[in-house]
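Undergrad:
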Amino acid sequence: MRWSKSCIPTLKENPHEAEIPSHRLMLRAGLVKKLTSGIYTFLPLGFRVLKKIERIVREEMDAIGCQEVLMPILHPTDIYEESGRLKSFGPELFKLADSKKRTFALGPTHEEVITMVARDTMRSYRDLPQCMYQILIKFRDEIRPRYGVIRAREFIMKDAYSFHVDDESLDLTYRDMAKAYSKIIERCGLNYRMVEAESGYIGGDESHEFMVLAGNGESEILSCTCGYAVNLERAAARRPPEPEGDGNGKQPYREVETPGMTTVEDVSTFLKVEPAALVKTLLYRSGERDIAVLVPGDREVNDIKLVRVIDDPDIRFLEPREIETLTGGPVGFSGPVGLPGGTVIYADNLIKTYTEMIVGANKADHHLAGVRAGRDFSIDHFEDFVWAREGDLCPLCDKSMTLHSGVEVGHIFKLGSKYSASMNAVFLDEKGESRPYVMGCYGFGVSRMVAAAIEQHHDGDGIIWPETITPFQLLILPVNVNDRKIFETASRFERELEDHGLEVLLDDRDLSPGVKFKDADLIGIPLRLTIGKKLKEGKVELFHRGTHHIEEVPLDRAKATIMERFAV
RNA sequence: CGGGGCGUAGCGCAGCCAGGUUAGCGCGCCUGCCUUGGGAGCAGGAGGUCGCCGGUUCAAAUCCGGCCGCCCCGACCA
Numbered sequence: 041m042r043w044s045k046s047c048i049p050t051l052k053e054n055p056h057e058a059e060i061p062s063h064r065l066m067l068r069a070g071l072v073k074k075l076t077s078g079i080y081t082f083l084p085l086g087f088r089v090l091k092k093i094e095r096i097v098r099e100e101m102d103a104i105g106c107q108e109v110l111m112p113i114l115h116p117t118d119i120y121e122e123s124g125r126l127k128s129f130g131p132e133l134f135k136l137a138d139s140k141k142r143t144f145a146l147g148p149t150h151e152e153v154i155t156m157v158a159r160d161t162m163r164s165y166r167d168l169p170q171c172m173y174q175i176l177i178k179f180r181d182e183i184r185p186r187y188g189v190i191r192a193r194e195f196i197m198k199d200a201y202s203f204h205v206d207d208e209s210l211d212l213t214y215r216d217m218a219k220a221y222s223k224i225i226e227r228c229g230l231n232y233r234m235v236e237a238e239s240g241y242i243g244g245d246e247s248h249e250f251m252v253l254a255g256n257g258e259s260e261i262l263s264c265t266c267g268y269a270v271n272l273e274r275a276a277a278r279r280p281p282e283p284e285g286d287g288n289g290k291q292p293y294r295e296v297e298t299p300g301m302t303t304v305e306d307v308s309t310f311l312k313v314e315p316a317a318l319v320k321t322l323l324y325r326s327g328e329r330d331i332a333v334l335v336p337g338d339r340e341v342n343d344i345k346l347v348r349v350i351d352d353p354d355i356r357f358l359e360p361r362e363i364e365t366l367t368g369g370p371v372g373f374s375g376p377v378g379l380p381g382g383t384v385i386y387a388d389n390l391i392k393t394y395t396e397m398i399v400g401a402n403k404a405d406h407h408l409a410g411v412r413a414g415r416d417f418s419i420d421h422f423e424d425f426v427w428a429r430e431g432d433l434c435p436l437c438d439k440s441m442t443l444h445s446g447v448e449v450g451h452i453f454k455l456g457s458k459y460s461a462s463m464n465a466v467f468l469d470e471k472g473e474s475r476p477y478v479m480g481c482y483g484f485g486v487s488r489m490v491a492a493a494i495e496q497h498h499d500g501d502g503i504i505w506p507e508t509i510t511p512f513q514l515l516i517l518p519v520n521v522n523d524r525k526i527f528e529t530a531s532r533f534e535r536e537l538e539d540h541g542l543e544v545l546l547d548d549r550d551l552s553p554g555v556k557f558k559d560a561d562l563i564g565i566p567l568r569l570t571i572g573k574k575l576k577e578g579k580v581e582l583f584h585r586g587t588h589h590i591e592e593v594p595l596d597r598a599k600a601t602i603m604e605r606f607a608v
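For the first sequence, the working numbering assigns the number 41 to the initial residue and increments by one for each residue that follows.
#1: Look at residue 507 and residue 599 and say whether their C-beta atoms are less than 8 Å apart.
#2: Would residue 459 pass as a contact of residue 155 if the rule is Cβ separation under 8 Å?
#3: Apart from the five residues just before and just after residue 526, which ones in its own chain have a Cβ nearer than 7 Å to its Cβ?
#4: With DSSP as the reference, label residue 136 as helix, strand or coil.
#5: Check residue 314 in the structure and name its three-state DSSP category.
#6: Is the beta carbon of residue 355 sitting closer than 8 Å to the one on residue 65?
#7: Starting from the C-beta of residue 62, find all residues in its chain whose C-beta is less than 6 Å away, skip the five residues before and the five after it, and write them out in chain order.
#8: Between residue 434 and residue 442, what straight-line distance do the alpha-carbon atoms span, to the nearest angstrom?
#9: Between the beta-carbon of residue 236 and the beta-carbon of residue 274, is there less than 8 Å?
#10: Buried or exposed, going by whether 16 or more other CB atoms sit within 10 Å of the CB of residue 401?
#11: Report the partner residues of residue 450 according to the DSSP bridge assignment.
#12: What residue does the beta strand (DSSP E) around residue 614 start on, and which one ends it?
#13: Going by alpha carbons, who is nearest to residue 381 out of 417, 178, 349?
#14: Thinking just about the alpha-carbon of each residue, which of 595, 569, 568 is nearest to the one in residue 579?
#15: Based on the DSSP secondary-structure assignment, which residues constitute the bridge partners of residue 571?
#16: Please classify residue 261 as buried or exposed, where buried requires at least 16 neighbouring CB atoms within 10 angstroms.
#17: Can you give the beta carbon distance from residue 447 to residue 254, rounded, assuming they're within the 8 Å contact cut?
#18: Once you ignore the five residues that flank residue 581 on each side, which residues in its own chain have a CB closer than 6 Å to its CB?
#19: What are the start and end residues of the beta strand (DSSP E) that includes residue 270?
#20: Just reading off the beta strand (DSSP E) that residue 56 is part of, what are its end residues?
#21: Using the rule of at least 16 other Cβ atoms within 10 Å of the residue's Cβ for burial, across every protein chain shown, is residue 100 buried or exposed?
#22: For residue 456, which residues does DSSP report across the bridge?
#23: Out of 540, 513, 548, 512, state which residue places its alpha-carbon closest to the alpha-carbon of residue 529.
#24: For residue 167, which residues of its own chain have a beta-carbon under 8 Å away from its beta-carbon, when the five flanking residues on both sides are left out?
#25: In the region 172–218, which residue ranges form an unbroken beta strand (DSSP E) of at least 3 residues, counting only runs that do not cross its ends?
#26: I'd like to know whether the C-beta atoms of residue 349 and residue 422 end up nearer to each other than 8 Å.
#27: Under a Cβ-count criterion, where at least 16 other Cβ atoms within 10 Å of its own Cβ denotes burial, should residue 291 be classed as buried or exposed?
#28: Buried or exposed for residue 180, please, with buried defined as at least 16 other CB atoms from any protein chain shown within 10 angstroms of its CB.
#29: Between which two residues does the alpha helix (DSSP H) containing residue 345 stretch?
#30: Round the Cβ separation of residue 502 and residue 69 to the nearest angstrom and send it over; I've been treating them as touching at under 8 Å.
#31: Rounded to a whole number of angstroms, what is the C-alpha to C-alpha distance between residue 133 and residue 147?
#32: Would residue 413 pass as a contact of residue 398 if the rule is Cβ separation under 8 Å?
#33: Between which two residues does the beta strand (DSSP E) containing residue 582 stretch?
#34: So, is residue 488 buried or exposed, given that buried needs 16 or more other C-beta atoms within 10 angstroms?
#35: Kindly list the residues whose CB is nearer than 7 Å to the CB of residue 428, restricted to its own chain and excluding five residues on each side of it in sequence; keep chain order.
#36: For residue 534, which of helix, strand or coil comes out of DSSP?
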């Protein structure tokens with residue numbers, strides 16, 4: 041392929057709209073072009089990468105016996121009513137109407153569609169298990185499109201669905217799928233973690249995400265050297281037991297004046313103690329119940345955990361007025377001591393390590409020090425409520441975990457019977473009894489993967505493609521196309537290497553060398569054959585984009601050297 | 001949806017506060033010459049509904065009102 045004939049619109053300057061490296065580089069290297077917010081065209085170079093990733097995905101799906109299908113993009117909204125997801129998707133569902141005013145959605149994912157297929161075609165346990173996948177454009181009216189194709193409103197996803205007679209069968213496919221995902225990402229040359237995850241609106245019992253590690257990922261994960269990793273959203277906050285307070289329990293708690301000090305920071309500074317010595321009392325209302333949640337002063341409540349523990353998606357903070365009514369004191373001075381009966385007191389597991397704590401006095405400008413749970417008030421339930429952080433302990437091996445940022449490229453779910461039950465998708469088992477399928481679903485962000493790869497593999501000059509997904513394997517750069525000898529040599533390499541099946545891009549543009557070198561670095565083809573002044577000495581150069589290493593190679597050895605590199 | 005910012009040539013921006021001929025600059029683009037190992041030089045040139053609609057005014061990129069779009073920060077996710 042010749043550069044002069046290709047549409048590779050490189051940009052010298054950084055586009056205003058791009059924040060993170062992958063987005064910037066995708067625009068600058070001419071991989072994509074934005075149509076409107078969150079909607080992109082993949083230009084030739086970007087599309088080549090996309091196709092390579094798709095191919096790897098297909099190969100790994102096929103390898104585990106998953107069958108490729110193609111489902112509709114346009115979905116009647118009725119099917120979301122049937123599954124009960126019309127509400128949970130909410131505004132993220134792109135909706136439209138046909139000329140008869142029937143409403144449709146642009147498919148955000150295909151659980152409903154595939155379940156409808158299954159329930160009509162897989163009637164017997166003998167038909168199961170089945171696993172199907174597709175690679176298709178998905179639509180989600182993202183609240184906030186961001187980071188180019190990483191969070192787009194229209195994106196390419198591989199989604200797979202499996203149907204089983206029981207959990208054991210699902211487990212097998214789930215495990216196969218996890219392995220396939222690992223292979224896909226490894227084959228794409230990326231460093232990643234498989235992490236325990238929240239299942240979000242897809243729902244289900246168990247799920248794992250595949251995170252490509254990158255400085256600017258939009259997800260945070262905690263990982264341990266033992267191999268365990270978990271999404272920060274879900275990570276349990278665990279610390280080594282370091283009891284707070286040193287009293288012997290004989291001293292009653294005492295009231296201390298804390299004039300105007302409503303924050304943990306104020307109080308800890310004023311009393312000259314660590315924030316962790318304080319315990320925050322957060323007051324919520326769930327249905328008819330008042331709930332107090334006690335957490336260490338240096339921690340924040342994780343709402344996802346809160347909703348799960350209390351089992352109420354509508355749980356809310358008490359209003360300041362309600363706090364005064366309940367506790368008798370103003371906001372900022374709440375504590376667990378002396379709360380009215382009927383208030384359920386929950387505490388984070390970390391509170392178990394406290395022998396003494398400083399808490400609000402439920403009275404303006406006062407706190408209580410030396411308070412002991414059990415003696416001065418009682419805790420009804422201990423649960424995991426707070427955000428974990430770096431240094432918290434691994435639940436498997438107790439070592440401290442480290443924080444990474446990552447791009448979520450895959451997410452696999454054990455759905456159980458969530459969809460099959462609500463959509464009456466059943467099969468007959470050996471005993472002739474009707475049972476809903478046990479299902480799994482498995483998403484992989486193909487277009488996002490392009491960005492994830494760049495996010496992980498770039499430097500100040502541009503992209504550095506992993507060899508398996510690079511748009512071209514070799515860039516031939518004749519320094520001066522007007523020098524007949526140089527250009528003929530370049531053309532000969534192009535012809536001969538292409539004949540050997542190599543994907544070659546020849547920069548035949550009549551531009552100053554500097555421009556071509558800069559563009560070459562930018563688009564990031566891992567190997568560059570430079571043909572220039574050394575040709576007089578019978579030499580050409582192989583430039584390795586990743587290492588900046590330059591190899592001088594005699595002309596007659598060059599082809600063999602290049603071919604060796606791509607030998608299987 | 002809440003908060004902040006921005007819309008002027010393909011890209012990056014100035015001009016707007018203090019209204020006044022033909023709306024500028026850099027990059028890119030086209031033609032010619034020249035140059036050819038890290039974003040060269042000279043000369044000439046093309047390219048604009050100044051986001052849209054309305055208002056004020058003798059006169060609007062500039063002032064006022066409305067709308068639209070885009071970006072960033074927060075609540076959601078492959």
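All C-beta atoms, glycine included, are put in the ideal place defined by N, C-alpha and C.
None of these values were measured; they are calculated from a predicted model.
TA: In short:
#1: no
#2: Closer than 8 Å, so yes.
#3: Result list for residue 526: 518, 519, 520, 571, 572, 575, in chain order.
#4: strand
#5: coil
#6: no
#7: Leaving aside the five residues that flank residue 62 on each side, the residues in its chain whose CB is nearer than 6 Å to its CB run, in chain order, 491, 494, 495.
#8: Approximately 10 Å between the Cα atoms of the pair.
#9: yes
#10: buried
#11: 250, 484
#12: The structure shown does not extend to residue 614, since the chain is modelled only from 41 to 608, so the question has no answer here.
#13: 417
#14: Nearest option by C-alpha distance: 595.
#15: Per the DSSP secondary-structure output, residue 571 pairs in a beta bridge with 518.
#16: buried
#17: Contact holds; Cβ gap of about 5 Å.
#18: Here the set comprises 570, 590, 592.
#19: 269–271
#20: Taken as a continuous stretch (DSSP letters only), residue 56 belongs to no beta strand (DSSP E), as it is neither H nor E.
#21: buried
#22: 479
#23: 548
#24: 161, 467
#25: 194–204
#26: no
#27: The residue is exposed, with fewer than 16 neighbouring Cβ atoms inside 10 Å.
#28: Residue 180 comes out buried.
#29: 343–350
#30: 6 Å
#31: 8 Å
#32: no
#33: 579–584
#34: buried
#35: 262, 272, 275, 276, 277
#36: helix
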